[in-house]
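In my numbering, the protein residues as written are 47 to 293.
What follows is the structure, given as C-alpha cells:
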C-alpha cells in the first residue's frame, strides 16, 4: 500500500511547546508543506519575533532568525535587500504584529518589500500571559480586561487585512482560518499563493490565519472552535482582499 501522507521535510522531529488545541501546529505544517512543494527549502529564511512562535527555529528545517518583539518585518526587509535571491517570511502573532510591530508591518507593506507574512490572529496575547490584544473582541475577557474589552476606551478590534489593503502599493492580502479541514485547505492555498508571488518578485504578501487559543480563552479546544466560528469569523471576514493584478 502506497504512502499518501507524510511529515514535510521542512518540519523537524522536535516536539512543539504549544498548548493542547493550539492551531500554531497546523499553521506550521501548512507553511512547511508549501516550502516543500515549491522546492525552496534551501533558500528560505523564516523570521519569528517574541510570542508563542518564538521557538519556531526548532520546528522548521530551513534557516530561521529570531527578531525583537514586533521587528520581524525590519529583519525580513534587511535579508531581502541584501539577498533578494532568498525567500523570506515572517511568522507573527496579533499582539506582536498589530501592536508593538504595527509601524513595522504597515511601512514594510507600503514600501512593497518582497517578503511574505504569516499572521496568526487568535484575538489575545498568548505567550506573555493572555492580555488584551489589538484584535481582542468587544466584551472578550482577558487578563487585562477582566470585565471584557470596553470599546469606548480601547476602540474596536483592528482588522489588519482591511487596513493593509487600503495602501496604494501593490500587494497580496488574504484572510483564512484554521477551524476545520475545509478552511485549512483554503488557508494552504493562500499561503502557497503568497510564496509564489514572492518567488516571482511581484509584491509584498500577507496571509492572516484566524486561530484559537484555548488556554488563554479559558475554554476547551472544542469550545474554542465554536466560539471562534460564532464570534471571530463574523467580524474577521474570510477571503481575498487584494492582489497585485488589481493595481
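All C-beta atoms in this analysis are idealised placements derived from N, C-alpha and C, irrespective of residue type, glycine included.
>> I need the straight-line Cα distance from residue 211 to residue 222, nearest angstrom please.
In response: If you draw a straight line from the Cα of residue 211 to the Cα of residue 222, it is about 15 Å long.
> Near residue 256, what residues of its chain come up, given a Cβ to Cβ distance below 6 Å and the 5 sequence neighbours on each side ignored?
Replying inline: Hits under 6 Å: 167, 223, 278, 282.
> Taking Cβ to Cβ, would you say residue 62 is nearer than 9 Å to residue 101?
Replying inline: A Cβ-Cβ contact shorter than 9 Å links residue 62 with residue 101.
> In the DSSP assignment, what are the bridge partners of residue 256?
Replying inline: Beta-bridge analysis with DSSP links residue 256 to 167, 223.
>> Quick check on residue 55: does DSSP put it in helix, strand or coil?
In response: Looking at residue 55 - three-state DSSP - the assignment turns out to be coil, as it is neither helix nor strand.
>> Just to check my reading of the structure: residue 155 and residue 252 have Cβ atoms closer than 8 Å, yes? What is that Cβ distance to the nearest angstrom?
In response: With a Cβ gap of about 7 Å, residue 155 and residue 252 count as contacting.
>> So residue 81 and residue 113 are supposed to be a Cβ contact under 8 Å. How far apart are they, rounded?
In response: Taking C-beta atoms under 8 Å as the contact rule, residue 81 and residue 113 fail to qualify, at a distance of about 19 Å.
>> For residue 189 and residue 54, what's the separation of their Cα atoms in angstroms?
In response: When rounded, the distance between both Cα atoms is 37 Å.
> For residue 97, which of 267, 266, 118 has the nearest alpha-carbon?
Replying inline: Across the set 267, 266, 118, the C-alpha of 118 shows the shortest separation from the C-alpha of residue 97.
> For residue 2 versus residue 138, is the C-beta distance shorter than 9 Å?
Replying inline: The shown model of the chain, from 47 to 293, leaves out residue 2, and the question about it has no answer.
> Does the distance from the CB of residue 236 to the CB of residue 181 come in under 9 Å?
Replying inline: Not closer than 9 Å, so no.
> In three-state terms, what does DSSP make of residue 288?
Replying inline: Of the three classes helix, strand and coil, the one that applies to residue 288 here is strand, per DSSP.
> Taking the alpha helix (DSSP H) that residue 123 falls in, what are its first and last residues?
Replying inline: Per DSSP, residue 123 belongs to the alpha helix (DSSP H) from 118–128.
> For residue 147, which residues from the same chain have a beta carbon less than 6 Å from its beta carbon, with the 5 sequence-adjacent residues on both sides left out?
Replying inline: Closer than 6 Å at Cβ, skipping near neighbours: 116.
> What residue does the beta strand (DSSP E) around residue 90 start on, and which one ends it?
Replying inline: Per DSSP, residue 90 belongs to the beta strand (DSSP E) from 90–94.
> Looking only at C-alpha atoms, which of 73, 254, 57 sits nearest to residue 208?
Replying inline: Closest option to residue 208, judged by alpha-carbon separation, among 73, 254, 57: 254.
> Using a Cβ-Cβ cut-off of 8 Å (strictly less than) and excluding sequence neighbours within five positions of residue 131, which residues of its own chain qualify?
Replying inline: Excluding five sequence positions before and after residue 131, the CB atoms of its chain that fall closer than 8 Å to its own CB belong to 89, given in chain order.
>> Closest to residue 198 by C-alpha separation, out of 183, 206, 205, would be which residue?
In response: Restricting attention to 183, 206, 205, the CA atom closest to the CA of residue 198 is found in 183.
>> I want to see whether chain D comes within less than 9 Å of residue 280, judged by CB atoms only; does it?
In response: Protein chains in the displayed structure number just one, and chain D is not present.
> What is the DSSP secondary structure of residue 261, counted as helix, strand or coil?
Replying inline: Note: residue 261 maps to helix in three-state DSSP.
>> Taking the straight line between their C-alpha atoms, what separation do you get for residue 77 and residue 250?
In response: In a straight line, the C-alpha of residue 77 is about 17 Å away from that of residue 250.
>> Run through the DSSP bridge pairs and tell me what residue 135 is partnered with.
In response: Residue 135 is bridged to 92, 162.
>> Could you tell me the alpha carbon to alpha carbon distance between residue 95 and residue 287, rounded to whole angstroms?
In response: Approximately 25 Å, taken between the alpha carbons.
> Is residue 214 helix, strand or coil when you go by DSSP?
Replying inline: Residue state, collapsed to three classes: coil.
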